[in-house]
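Residue numbers (this note's numbering), protein chains in the order written: chain A, 6 to 215; chain B, 641 to 784.
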């Protein structure tokens, strides 16, 4: 220690900083705007947000973007008959649900990309078998156009492709959305480490509101 | 008299050695099937059935129910190759999620996979040979 006081100090500084008020980045496109406040021109940034939506959930109720007001949420794209990455994503989302069970500020939104087969009834069966009850985790059905359209807004690739396992090609991202509908993180839903990262980032994000 | 006793003893020893060698051969084969099966399991089965064969809730059955595996041993190849559409009772629970077919797997590969499953997760079914797989696949119940 005596030989490297500066190194020791630097290390201390680094530890102190990483313990500080960490904030998550805001992802997606951004646009600078200028607006007039009290006669002065002030520049601000408009961030990419998730546009309004309306889908039908596993209980055949209509849910909209308003359902997620006042909560942060994790969104993903999957389908119930998916033989590839979805089971692992669902398993990992179960961990997220377990950690935040009953927390009204945390929700999960899973969009089915198999819009023909995954009717609300099929989604309900899937949720029940997975052991998911209540409305904290929403499984939604929508038209192909609306689901694939919103996938773009979450920056997740999803397309029908008969040569892919199960007939659909998609990415396994878990997308973290804040209360302002901005994208605050993207995590590989099949990777345990990234899922742990998601959960610690959710804690950081929740602190922003307290 | 003494000579014939020695001869009998000698023959016994030879038989034992040969027997052991054969068993050793089967052990080696089992180990080889097991290793190959492990990587095939990871790419074909693990997503649903889990790294430790634990399954997923009531969605995908676990592969830890040894008595189920034993009772259905001659149908396991059919399950892997053609999938499952009818409900099954595993681990005292009912499962009715459809299992997809795996037509791309060869009989050899199915033997690897089943030897791996059959000797992991607390199961001890021993070597499941390619010949056994071929025989089982001739008697698959075709469910429409």
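Glycine residues also receive a C-beta, built at the ideal position from the N, C-alpha and C atoms.
Consider the Cβ of residue i: report whether some Cβ of chain A lies at a distance smaller than 7 angstroms.
i	result
residue 740 of chain B	yes
Closer than 7 angstroms, CB to CB, is residue i near chain B or not?
i	result
residue 38 of chain A	no
residue 139 of chain A	no
residue 134 of chain A	yes
residue 30 of chain A	no
residue 93 of chain A	yes
Should residue i be labelled buried (16 or more other beta-carbon atoms within 10 Å of its own) or exposed?
i	result
residue 652 of chain B	exposed
residue 205 of chain A	exposed
residue 50 of chain A	exposed
residue 195 of chain A	buried
residue 63 of chain A	buried
residue 779 of chain B	exposed
residue 650 of chain B	exposed
residue 106 of chain A	exposed
residue 655 of chain B	exposed
residue 750 of chain B	buried
residue 163 of chain A	buried
residue 203 of chain A	buried
residue 691 of chain B	exposed
residue 763 of chain B	buried
residue 754 of chain B	buried
residue 689 of chain B	buried
residue 784 of chain B	Residue placement at residue 784 of chain B is poorly supported in this model, since its pLDDT is 45, which falls under 50; the coordinates are not used for a value here.
residue 759 of chain B	buried
If distances are taken between C-alpha atoms only, which option among the options comes closest to residue i?
i	options	result
residue 28 of chain A	A/97, A/60, A/197, A/190	A/190
residue 715 of chain B	B/743, B/777, B/643	B/777
residue 772 of chain B	B/729, B/760, B/717	B/717
residue 730 of chain B	B/741, B/693, B/657	B/693
residue 127 of chain A	A/183, A/145, A/200, A/141	A/145
residue 104 of chain A	A/81, A/58, A/208	A/208
residue 115 of chain A	A/94, A/149, A/121	A/94
residue 48 of chain A	A/36, A/110, A/75, A/57	A/36
residue 664 of chain B	B/767, B/644, B/775, B/723	B/767
residue 87 of chain A	A/210, A/171, A/101, A/122	A/171
residue 761 of chain B	B/686, B/769, B/657, B/720	B/686
residue 68 of chain A	A/125, A/108, A/82	A/125
residue 70 of chain A	A/185, A/46, A/100	A/185
residue 178 of chain A	A/167, A/156, A/187	A/156
Kindly indicate which three-state DSSP category residue i falls into: helix, strand or coil?
i	result
residue 713 of chain B	coil
residue 169 of chain A	coil
residue 154 of chain A	helix
residue 143 of chain A	strand
residue 125 of chain A	helix
residue 164 of chain A	strand
residue 78 of chain A	strand
residue 200 of chain A	helix
residue 670 of chain B	helix
residue 732 of chain B	coil
Closer than 7 angstroms, Cβ to any Cβ of chain B: which residues of the segment 96-127 of chain A, in chain order? Residues 96.
Using a Cβ cut-off of 7 angstroms, which residues of the segment 679-691 of chain B contact any Cβ in chain A, in chain order? If the cut-off is 7 angstroms between Cβ atoms, the segment 679-691 of chain B has 687, 688 near chain A.
With 8 angstroms as the limit, tell me which residues of the segment 46-60 of chain A have their beta carbon closer than that to any beta carbon of chain B; keep them in chain order. For the segment 46-60 of chain A, the set of positions with a beta-carbon nearer than 8 angstroms to some beta-carbon of chain B is empty.
Along the segment 694-714 of chain B, where does the CB come closer than 7 angstroms to a CB of chain A? Name the residues. Within the segment 694-714 of chain B, the qualifying residues are 696, 697, 698, 699, 700.
Short of 8 angstroms Cβ to Cβ, which residues in the segment 734-766 of chain B face chain A? Within the segment 734-766 of chain B, those residues whose Cβ lies closer than 8 angstroms to any Cβ of chain A are, in chain order, 737, 738, 740.
Using a beta-carbon distance cut-off of less than 8 angstroms, what residues from the segment 60-90 of chain A approach chain B? Listed by position along the chain: 86, 88, 89, 90.
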